[in-house]
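Undergrad: This structure is in structure tokens; I'll ask about it shortly.
2 protein chains.
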Amino acid sequence: MELKHLIDQIYKKESFLCIGLDVDLEKIPTHLLNSEDPIFEFNKAIIDATHQLAVSYKPNTAFYEAYGLSGWKSLEKTISYLNENYPEIFTIADAKRGDIGNTSRMYAKAFFEDLNFNSVTVAPYMGRDSVEPFLAFDNKYTILLALTSNEGAFEFQTKRIDGLELYKEVIKTSLKWNNSDRLMYVVGATKAEYLSEIRKLAPDNFLLIPGVGAQGGDLAEVCRYGLNSDVGLLVNSSRAIIYASNGKDFAAAAATAARDIQRQMKAVLDARS
Amino acid sequence: MELKHLIDQIYKKESFLCIGLDVDLEKIPTHLLNSEDPIFEFNKAIIDATHQLAVSYKPNTAFYEAYGLSGWKSLEKTISYLNENYPEIFTIADAKRGDIGNTSRMYAKAFFEDLNFNSVTVAPYMGRDSVEPFLAFDNKYTILLALTSNEGAFEFQTKRIDGLELYKEVIKTSLKWNNSDRLMYVVGATKAEYLSEIRKLAPDNFLLIPGVGAQGGDLAEVCRYGLNSDVGLLVNSSRAIIYASNGKDFAAAAATAARDIQRQMKAVLDARS
Numbered sequence: 001m002e003l004k005h006l007i008d009q010i011y012k013k014e015s016f017l018c019i020g021l022d023v024d025l026e027k028i029p030t031h032l033l034n035s036e037d038p039i040f041e042f043n044k045a046i047i048d049a050t051h052q053l054a055v056s057y058k059p060n061t062a063f064y065e066a067y068g069l070s071g072w073k074s075l076e077k078t079i080s081y082l083n084e085n086y087p088e089i090f091t092i093a094d095a096k097r098g099d100i101g102n103t104s105r106m107y108a109k110a111f112f113e114d115l116n117f118n119s120v121t122v123a124p125y126m127g128r129d130s131v132e133p134f135l136a137f138d139n140k141y142t143i144l145l146a147l148t149s150n151e152g153a154f155e156f157q158t159k160r161i162d163g164l165e166l167y168k169e170v171i172k173t174s175l176k177w178n179n180s181d182r183l184m185y186v187v188g189a190t191k192a193e194y195l196s197e198i199r200k201l202a203p204d205n206f207l208l209i210p211g212v213g214a215q216g217g218d219l220a221e222v223c224r225y226g227l228n229s230d231v232g233l234l235v236n237s238s239r240a241i242i243y244a245s246n247g248k249d250f251a252a253a254a255a256t257a258a259r260d261i262q263r264q265m266k267a268v269l270d271a272r273s
Numbered sequence: 274m275e276l277k278h279l280i281d282q283i284y285k286k287e288s289f290l291c292i293g294l295d296v297d298l299e300k301i302p303t304h305l306l307n308s309e310d311p312i313f314e315f316n317k318a319i320i321d322a323t324h325q326l327a328v329s330y331k332p333n334t335a336f337y338e339a340y341g342l343s344g345w346k347s348l349e350k351t352i353s354y355l356n357e358n359y360p361e362i363f364t365i366a367d368a369k370r371g372d373i374g375n376t377s378r379m380y381a382k383a384f385f386e387d388l389n390f391n392s393v394t395v396a397p398y399m400g401r402d403s404v405e406p407f408l409a410f411d412n413k414y415t416i417l418l419a420l421t422s423n424e425g426a427f428e429f430q431t432k433r434i435d436g437l438e439l440y441k442e443v444i445k446t447s448l449k450w451n452n453s454d455r456l457m458y459v460v461g462a463t464k465a466e467y468l469s470e471i472r473k474l475a476p477d478n479f480l481l482i483p484g485v486g487a488q489g490g491d492l493a494e495v496c497r498y499g500l501n502s503d504v505g506l507l508v509n510s511s512r513a514i515i516y517a518s519n520g521k522d523f524a525a526a527a528a529t530a531a532r533d534i535q536r537q538m539k540a541v542l543d544a545r546s
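For the record, the sequence lines run as chains Y and X. For reference, each letter of the first sequence is one residue, going 1 to 273 in my numbering. For reference, each letter of the second sequence is one residue, going 274 to 546 in my numbering.
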């Protein structure tokens, strides 16, 4: 997908919502558990009910791997369903991968070719040659962990290297890598006050913001500091949407929860124009 | 597995060799490609031919994910084969995972429970709450990336935070986490001169050393600086062993290559006693 198609989507839907498909069999409506593939049936219903309100879906691979072969199958079916029925959607494999060069190439193949995601999240610790194999793919995007939403982010990410916090060093350094125009960054919504600093370093890149909702981030704050001229934000919500109800009305309840966020996003976009 | 069983194995086999099962369909003998599951057949033959020379096997998950569902199936069959036939072997899922707490728990479930590996490699960037869910598993081991063998390691890992290189900060900090006695560290063999520094910080932990062979590390140097009183090293070799031949003699050739390394290891162990 070209970036301009994502941006067009955002303006058309008046939304920069990403819905996290972090599906836990213990949390989905029990009536789905009798189907052949409960995780896929759940995702399909959520996607069908919310695709006009969201521009992106983000399955976190951990939730699929935890169910072994059947989980991996559910992931394959989910991404195929998205690609076949809603090709305008920007898909994110939240996989947080990263390895030495020839191995990262295998991960890139897995997510960009075999599964055909538009993007994948990648960890920066191993440096340039662990990330560039992902960046080599045309019209695919690599979303690098910068400042994550968890408490542990303060352990290494905010420590200073020659006066510059590690997460800033990651952004600054990565922008020098080959094909860095295909980079996006993960910045936790719980750290909205850091966004203006990040925008100084990376004014043009899209930022994926997890943590609105269950992790306590605030949408208005995120927008205030994070928006750029292309909008430049994908704000993720997972549990607050997909588990809005665990009854038979779960998909409708998810749509209501998504619409609530989409309206707030529309208000933000309206206020700028 | 209790650590003492790994140490017993090392003395019994006079080996601290780990064999990396990084299987690429383009590199394995062509006669295997007609079998139902070429990757598993290859692994099975390699394991059967080398299990008396190695104490550990380490499939890198990237190589399996790149083949989608069938790759994941090959991984499941490989770990099941190891657990059923060679329960004394220390198994490593080289997955380099790491996510926020509840998600890391899903990864830990995937590798420790569903697949039943003894250990998994984990990236440190997200800090304590991304790693402790792995450490919570009794008799399972979390192998944290410290100083990796690739060129990109110099980009962030060796940068100084308050005078201390990031990889040392990772080791120092992680030793304060809950259940840190279940931690091991990845230290690239290409950086053997760093091992004496690492041993000052982590005298007791096992170190997983990739990069001997194809990545140019030197076994004698690694042992000189890395051994501790429990041996404390697992030295990995992948391509130099598993691709020693790509003819019908591949398993025998792998055993010859593994025996060559095992003899060097025996010489090191003999010299100490």
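Built from N, CA and C at the ideal position, the CB exists for glycine as well.
Compare the C-beta of W177(Y) with all C-beta atoms of chain X and state if any pair is closer than 7 angstroms.
TA: no
Undergrad: Take the Cβ of S273(Y) as the centre, count every other Cβ of all protein chains shown within 10 Å, and call the residue buried at 16 or more, exposed below.
TA: exposed
Undergrad: Rounded to the nearest angstrom, how far is the Cβ of A95(Y) from that of V55(Y), given a contact under 8 angstroms?
TA: Not really, about 20 angstroms apart at Cβ, beyond 8 angstroms.
Undergrad: Measure the alpha-carbon distance for N412(X) versus A49(Y) and round it to whole angstroms.
TA: 44 angstroms
Undergrad: Can you tell me whether P38(Y) is buried or exposed, with buried defined as 16 or more other CB within 10 angstroms of its CB?
TA: Classification for P38(Y): buried.
Undergrad: Looking at chain X, is there any beta carbon in it that lies within less than 7 angstroms of the beta carbon of D110(Y)?
TA: According to the sequence as given, residue 110(Y) is Ala; it is not Asp. Interface residue, yes.
Undergrad: Go through the segment 334-379 of chain X residue by residue and report every complete run of the beta strand (DSSP E) that reaches 3 residues or more, in order.
TA: 363-370
Undergrad: Considering Cα atoms alone, identify which of R224(Y), T173(Y) and E26(Y) is closest to K191(Y).
TA: R224(Y)
Undergrad: Assuming V508(X) and F289(X) make a contact with CB atoms under 8 angstroms, what is their CB distance in whole Å?
TA: In this structure V508(X) touches F289(X) by the C-beta definition: roughly 6 angstroms separates them, less than 8 angstroms.
Undergrad: Does the contact criterion of 3 or more C-beta pairs under 8 angstroms hold for the segment 176-184 of chain Y versus the segment 126-134 of chain Y?
TA: Between the segment 176-184 of chain Y and the segment 126-134 of chain Y there are three or more C-beta pairs closer than 8 angstroms, enough to call the two in contact.
Undergrad: Quick one: which chain X residues come within Cβ less than 8 angstroms of S149(Y)?
TA: I373
Undergrad: Are the CB atoms of L388(X) and Q535(X) within a distance shorter than 7 angstroms?
TA: no
Undergrad: Taking the alpha carbon of N43(Y) as the reference point, which residue from S74(Y), L183(Y) and T148(Y) has its own alpha carbon closest?
TA: Here the closest residue by C-alpha is S74(Y).
Undergrad: With the cut-off set at 7 angstroms, would you say P87(Y) and F250(Y) are in Cβ contact?
TA: no
Undergrad: Give every residue of the same chain whose Cβ lies closer than 8 angstroms to the Cβ of R532(X), excluding the five residues on either side of it in the sequence, and list them in chain order.
TA: L326
Undergrad: Examine chain Y for any beta-carbon lying closer than 7 angstroms to the beta-carbon of F429(X), and answer yes or no.
TA: Yes, F429(X) counts as interfacial toward chain Y.
Undergrad: Could you compute how far the alpha carbon of A153(Y) sits from the alpha carbon of W72(Y)?
TA: Spanning the alpha carbons of A153(Y) and W72(Y) requires a straight line of approximately 29 angstroms.
Undergrad: With 16 other CB atoms within 10 Å as the buried threshold, where does G505(X) fall?
TA: It counts as buried.
Undergrad: What did DSSP end up calling E41(Y) once you bin it into helix, strand or coil?
TA: Of the three classes helix, strand and coil, the one that applies to E41(Y) here is helix, per DSSP.
Undergrad: Could you give the uninterrupted runs of the alpha helix (DSSP H) lying entirely in the segment 159-206 of chain Y, keeping only those of 4 residues or more?
TA: Taken in chain order, the unbroken stretches of alpha helix (DSSP H) that lie wholly in the segment 159-206 of chain Y and span 4 residues or more are 166-174 and 195-201.
Undergrad: I need the boundaries of the beta strand (DSSP E) containing V508(X), first residue and last residue.
TA: L506 to S510
Undergrad: Under 6 angstroms: does the beta carbon of A66(Y) sit that close to some heavy atom of the ligand MG?
TA: With respect to the ligand MG, the structure offers nothing, as it holds no ligand at all.
Undergrad: In chain Y, which residues lie with their C-beta within 8 angstroms of the C-beta of I471(X)?
TA: Correct list: empty, because the minimum Cβ distance to chain Y is about 16 angstroms.
Undergrad: Using only CA atoms, which one of V443(X), L492(X) and T431(X) lies nearest to S510(X)?
TA: Residue L492(X) is the option with its Cα nearest to S510(X).
Undergrad: At a CB distance below 7 angstroms, what residues from the segment 330-345 of chain X approach chain Y? Give them in sequence order.
TA: Cβ contacts with chain Y: N333, A335, F336, E338, A339, G341, L342 and W345.
Undergrad: Does the CB of R401(X) have a neighbour CB from chain Y at under 7 angstroms?
TA: yes
Undergrad: So with Cβ pairs under 7 angstroms, would you call M184(Y) a contact of chain X?
TA: Judged by the 7 angstroms Cβ criterion, M184(Y) is not in contact with chain X.
Undergrad: Examine chain Y for any beta-carbon lying closer than 7 angstroms to the beta-carbon of Y354(X), and answer yes or no.
TA: no
Undergrad: State the CB to CB distance for the pair K331(X) and G293(X), rounded to an integer number of angstroms; the pair is presumed to be in contact (CB under 8 angstroms).
TA: 5 angstroms
Undergrad: Any C-beta of chain X sitting closer than 7 angstroms to the C-beta of A123(Y)?
TA: yes
Undergrad: When DSSP builds the beta bridges, which residues end up paired with T121(Y)?
TA: I143(Y)
Undergrad: How is Y11(Y) classed by DSSP in three states: helix, strand or coil?
TA: Helix at Y11(Y).
Undergrad: Looking at the C-beta of G425(X), does it have a partner C-beta in chain Y at a distance below 7 angstroms?
TA: yes
Undergrad: Give the range of the beta strand (DSSP E) segment to which I19(Y) is assigned.
TA: L17 to L21
Undergrad: Residues in its own chain within less than 7 angstroms of E76(Y) by CB, not counting five upstream and five downstream?
TA: L115
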